[in-house]
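Asker: There's a structure below that I have some questions on.
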Amino acid sequence: MTGFDPSQLRALELDPARHARVLGAPGSGKTRVLVEAYVRALDRPGWEEEDVLAIAPSRLVASGLRAAVEGRAGRAIGGTPVRTAASLGFAVLARAAALAGRDAPRLLTGTVQDEEIAAVVDGGAAGAGVAGLPHEVLQSPAFRAELRELWRIADDFGLEPAALAARLRELRRETGAEAFTRLPDPGLLERWRDGLELISAVARDLARKRPDELSSSALLRAASDAVREGGSVAADPVASGSAAHASGLRVPRLLLVDDAQEIGEGELALLAACAGAGSAVWVFGDPDIATGAFRGERTGVLSRLSGELARRGAGLRAGLPEQLAVLETVHRHGPELRGLVRELTARIGAAGAGEQRAAEACDAAAGTARTPADAEARFAAAGSPAEQLGVIAHRLRARRLGLGGAGRAGWGDMAVICRSRLEAARVARALASHQVPTDVAAGGLVLREHQIVRELIRLLQHVLGARALGSEDVLRLAGGVIGGLDPVAVRRLRGALLLQERRDARDEGRESRGIDELVLEAFALPGDTPAIDSAGGRALRRLGRLAVEAARVRRAGGTARETLWALWEGTSLAERWQEEALDGRGARSDEAHRSLDAVMGLFFALQRHEEQDSEQPVAALLEDLLRSTVAEDTLAQRSQRTAVTVTTPQGAIGREFGVVAVIGLQDGAWPNIRARGTLLGTAALERWLRGGEAIPPSRRDTIHDELRLLAHACARARDELLVVAVSDEDQHPSPFFGFGRDRRRDDLPSARLTLRGATAEMRRRLARDPGDGRALRALAALAEEQVTGAHPDEWYGVTPASTARPIHDLDGDPEALVPVSPSQLDRAETCPLDWAISALGGGGGGVQAGLGTLVHHALETAEGHDPERLLETVLGEWHKLPFEAEWESERTRRLAEAQTRGVAAYLRDFEASERRLVGREARFRIPIDRAVLGGLADRLEAVPRGDGGFEITVLDLKTGRKPPTKAEAETHTQLQAYQLGVSEGAFELEAGADPGPLGAPDAGAASGGARLLYVHPDAAKGADYVERVQQPISDEAKDELRGRVAAAGRLMAAGEFTARVEHHCSDPHQPGSCRLHIIPAVSHA
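Right under this line is the structure:
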């Protein structure tokens, strides 16, 4: 679009001395006309830069509009050519304060206002009650938000809360005295009155604590009053040197208001004040796409501008009726998208202005005809939330790469629009995991939502002496972003500290201290040496040193912000996050950006506190930041990068994107028809103050507001719109999704459109059709770029065996022997492949196997039968267990306690018997043919016989939950192997042991049998332990065992191993490592 269409030219010919409405459908060029009108006004004879001002709905839109104005003017414009209404109000008050010799007011943030409300409610000031509402409701964030809305309404209508409350008390008496009245419901009047009295109490406290601070609504109200008292379009008396109007304030001759459908009562009051002082007001907008219903009903400036200005005190201009221009052509998108937006807006109440709906898409925007596969607007239903995000991520990446015939689009020219700010944050993180860079632009920043901010604030509170860290705080920091420990490592740290303390207390003959004291002592330990030499101990020491260094800065006179900088610098997170952020790939990059932005926001909050010379203590500010759930707009510099914008309809005001995805059209979510403002009846109050009935918005009104949000979101698209909803057992698309039934597509891909995803897809295609030339060429290109998994050399199961040589060359090496473990003999016989994988490193020991090792170690080193000592031995090595979550560690600890009790009970019974211990972890070795049977027995115990001799029994500890039956124990291979070792005198005695019961070396001893000791509570079934006994081995059993060992040795020496697929590998009741080889490949059809 290079020139102006006829309807735009007519708008540009309007008289700048008269009020005007410029209506236009989304994409019809309203903002472009505004920019041109601004520049043409500057070129008028006698007009100065201060005579024209553009008003934007947000600072982000104002920034873009300012650049457009200066770009069209071809020069820098003095002053501020574009402002928000709040910015204009602040400028007016700052000038009025300068004329009066006072300091300019400062902004009272929503966070501070919210905290003061909470303090008044908690303190019970002024009764701090509202009729019909329990105290717990008054303490809720929802009530505080509604009370702030009630306060905004009072400010917007220029009413003092106390005076309005008094008037409502009078009305309450009138309604009680009349049988019939059109006044508001008595209960509603009472809630309004109580709410306003509560506001008055909060206002009194704030006036005392923060006398020079105004909320955003109070700022607009004060500015409106100032302009009404002394505003004029005449030259500024101070600037001109004239004393004729020493109390005057100069206002612009022409105000150009963009996106005027978002104008609320507070902004309208300021515009009316300026109009009363001589300003002409032009409003540009479309009431069909108003997004601010959640902040009260919008004004009617686009349907009756002069009447609305007069309602707020501007007065009607005699002989100067308002002007109207309607833009007739949409230039943003083609006829398909225009048709969808028109269908949506046609279902909305006209709000007094509907001429703009007739606009058609221009021929240039229509371009060439599109196929159904490349349509401008597409609706799709996904089977799950994950698939929904997959569909969106695939399409965004496809447009980024220019695939499918569509043009390429940059990340910055794409947007995903969600119904709420919380959903936007969730979607942004999920898309980042699909390697789609995202940037959330939805309603400001809640600092407390970011973990790094919470941790820095707690450390800063400790260093400043505002609130010292407790032991739980320290452990939380150690397991957080700054400490870097996972929950398991924190648990191990606690256990190690307790274990060390118990040992020290025992050596020193004192009572051991609790974990809280130990943690704080380790945190405050001087020097660099940690209390515990482990990852957790070192992390705790780093935290302590961090606090010490920051405290040194504070003692040297550093401000709170300088102390925070010492903490931040000491974390060394800046360098790591900067590297991850600049990497620009994946969820880690996005999270790094968000974390850095949050830290910048925290620094800005402290900077603002210092610059305003606030009387609020820093400690109170930090507590406010930790508690506040109010999203705050911030001037802190944000990361600059090209990313997909994830936002809400409100965050997309004044913006357009090449590709837009709309998400969240779920039943009960969008439209959200839950009544708003029900606690205090705020919507009814605003309607009543406008002269209407004091009733809340109807269901129809709410649905229309929700439909405006959808129309606005869809209209942001320039080239392509994708609307995706979830349809599964739990979620269903909303009725709004039905508006796209003619544009429904159910074949949109959801696979990850990444290099690895493309590799997997091409491999699947090639597996189905080895002659697929396109897949072959794609894989060749990917392999050339060294994409993981593309080259056939990296494919599992297709490369030849690395060697055909046997593990032990029995034929080539006459001296070669094959080690055979008693515990692996059955496994090798059952499934040779299973044995080979586990023996060659394919198997992995999990938490249960690790716990078994620790319990075995406790039995081996036990001195006595104290269960606490045995458990202490286990916990001393607890850090070696590979826990994945804290709950797993806690559950396993309870199991360890039960198993060590079982071991202790056995040892107690053993000490009470006549048996003697002659070996622990005793090793034996028996050559059999080309094999060597060898292993370790947990315990060798001598049992006295009636003839004065001894028999040797072998005890094998088991920590599993399923013991063999008594019959199975009689043929247990491992126990038979141990008995064979005893009978052949093959066991090695531990140093200092009495060899008497075992007889002379190599002479053998009488075997008294063998036992399995089970200590798992499931195996013991209510007892402390259970045994399975094997009777003394017979000569026939010995010969049979020797034959099995010899055969197993030859099997284990081989170079190939057989899988017993039907009888073992595929049997779910016989788990084994061999299952790895029967799982289909990723490309399996």
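If you count the sequence shown from 1, position 155 lands on 155 in our numbering, and the numbers rise without skipping.
Cβ coordinates follow ideal geometry from the N, Cα and C atoms, glycine included.
Does the pairing of the stretch 272–283 with the stretch 227–234 give three or more beta-carbon distances under 8 Å?
Answerer: Yes: at least three Cβ pairs fall under 8 Å.
Asker: Consult DSSP for Trp670 and reduce its assignment to one of helix, strand or coil.
Answerer: The answer is coil: DSSP assigns Trp670 none of H, G, I, E or B.
Asker: Could you give the uninterrupted runs of the beta strand (DSSP E) lying entirely in the stretch 478–507, keeping only those of 3 residues or more?
Answerer: List check, beta strand (DSSP E) in window: nothing returned.
Asker: Spatial neighbours of Ser727 within its chain, please: CB distance less than 6 Å, with the 5 preceding and 5 following residues excluded, ordered by chain position.
Answerer: Closer than 6 Å at Cβ, skipping near neighbours: Ala381, Pro733.
Asker: What is the rounded straight-line gap between the Cα of Ala1137 and the Cα of Pro1032?
Answerer: Outside the displayed range of the chain (1 to 1085) lies residue 1137, so it cannot be described from this structure.
Asker: Whose CA, out of Gly1055, His434, Ile1079, Ala574, lies closest to the CA of Leu396?
Answerer: Ranking Gly1055, His434, Ile1079, Ala574 by Cα distance to Leu396 puts His434 first.
Asker: In the DSSP output, which residue or residues are listed as bridge partners for Gln323?
Answerer: Paired residue(s): Ala20.
Asker: Give a yes or no on contact between the stretch 963–972 and the stretch 894–911, applying the rule of three or more CB pairs nearer than 8 Å.
Answerer: No contact exists between the stretch 963–972 and the stretch 894–911.
Asker: Could you give the distance in angstroms between the alpha-carbon of Ala1003 and the alpha-carbon of Glu984?
Answerer: Caution is warranted here: a pLDDT of 48 is assigned to Ala1003, below 50, making its placement in the model unreliable, and the coordinate value is therefore given only provisionally. Distance between the alpha carbons of Ala1003 and Glu984: 7 Å.
Asker: With a threshold of 16 other CB atoms inside 10 Å of the CB of Pro57, please say whether the residue is buried or exposed.
Answerer: Classification of Pro57: buried, given that the 10 Å Cβ count is 16 or more.
Asker: Can you tell me the Cα-Cα spacing of Ala11 and Glu360, whole angstroms?
Answerer: Looking at the two C-alpha atoms, the distance is approximately 17 Å.
Asker: Please state the DSSP three-state secondary structure of Tyr1014.
Answerer: Three-state result, Tyr1014: strand.
Asker: For Ala145, which option in Val112, Val519, Leu270 has the closest C-alpha, if you only look at C-alpha atoms?
Answerer: Answer by Cα proximity: Val112.
Asker: Out of Arg467, Val903, Val954, point me to the one whose CA is closest to Arg915's CA.
Answerer: With distances taken between Cα atoms, Arg915 lies closest to Val954.
Asker: Run through DSSP, which three-state label would Pro141 get?
Answerer: If DSSP states are grouped into helix, strand and coil, Pro141 belongs with the helices.
Asker: Name the DSSP bridge partner or partners of Arg221?
Answerer: The partner list for Arg221 (beta bridge, DSSP) is empty, contrary to what the question assumes.
Asker: In chain order, what residues of the same chain have a beta carbon less than 7 Å from the beta carbon of Gln1118, not counting five sequence neighbours either side?
Answerer: Nothing can be reported for residue 1118, as the shown portion of the chain is limited to 1 through 1085.
Asker: Considering Trp282, what are the terminal residues of the alpha helix (DSSP H) in which it resides?
Answerer: Careful: Trp282 lies outside any alpha helix (DSSP H), inside the beta strand (DSSP E) at 280–285.
Asker: Is the beta carbon of Gly264 closer than 9 Å to that of Leu292?
Answerer: Strictly speaking, residue 292 in this sequence is Gly, with Leu absent from that position. Yes. Within cutoff.
Asker: Please give me, in chain order, every unbroken run of the alpha helix (DSSP H) with length at least 4 that falls completely inside the stretch 48–89.
Answerer: You should have 59–73.
Asker: Spatial neighbours of Lys1038 within its chain, please: C-beta separation below 6 Å, excluding the five flanking residues on both sides.
Answerer: Within the same chain, Lys1038 has close Cβ partners Leu980.
Asker: Can you say whether Pro1001 is buried or exposed, counting buried as having 16 or more other CB atoms within 10 angstroms of its CB?
Answerer: Because the pLDDT of Pro1001 is 42, which lies under 50, any placement of that residue in the model is unreliable, and the number read from its coordinates should be weighed accordingly. Its Cβ having fewer than 16 others within 10 Å, Pro1001 is exposed.
Asker: Using the three-state DSSP reduction, which class does Pro882 fall into: helix, strand or coil?
Answerer: Coil at Pro882, not helix or strand.
Asker: Tell me the start and end of each unbroken alpha helix (DSSP H) in the stretch 512–599 that is at least 4 residues and wholly inside, in chain order.
Answerer: Runs of the alpha helix (DSSP H) inside the stretch 512–599: 515–523, 535–555, 560–571, 573–583.
Asker: Going by DSSP, what residue range makes up the beta strand (DSSP E) through Glu1027?
Answerer: From DSSP, the beta strand (DSSP E) with Glu1027 extends over 1026–1030.
Asker: Could you check the C-alpha separation between Ala620 and Gly110 for me, to the nearest Å?
Answerer: When rounded, the distance between both Cα atoms is 15 Å.
Asker: Name the DSSP bridge partner or partners of Phe950?
Answerer: Paired residues: Pro944.
Asker: So, helix, strand or coil for Lys1038, using DSSP?
Answerer: Three-state DSSP puts Lys1038 in a helix.
Asker: Tell me which residue opens and which closes the beta strand (DSSP E) that Val855 is part of.
Answerer: Premise fails: Val855 lies in the alpha helix (DSSP H), 847–860, not in any beta strand (DSSP E).
Asker: Measure the C-alpha to C-alpha separation of Ala1048 and Val1061 and round it to an integer number of angstroms.
Answerer: The straight-line gap from Cα to Cα measures roughly 19 Å.
Asker: Please confirm whether Leu685 and Leu93 have their CB atoms less than 9 Å apart.
Answerer: No, they are not a contact pair.
Asker: Hey, Gly654 and Asp719: beta-carbon distance below 9 Å or not?
Answerer: No, these two residues do not count as a Cβ contact at 9 Å.
Asker: What does the alpha-carbon distance come out to for the pair Leu679 and Gly24?
Answerer: Approximately 37 Å, taken between the alpha carbons.
Asker: What would DSSP say about Val644, mapped onto helix, strand or coil?
Answerer: The answer is strand: DSSP assigns Val644 an E or B state.
Asker: Taking the C-alpha atoms as reference points, what is the distance between Asp866 and Val1026?
Answerer: Answer to the nearest angstrom: the Cα atoms are 19 Å apart.
Asker: Does DSSP put Leu840 in a helix, a strand or coil?
Answerer: Leu840: coil per DSSP, three-state reduction.
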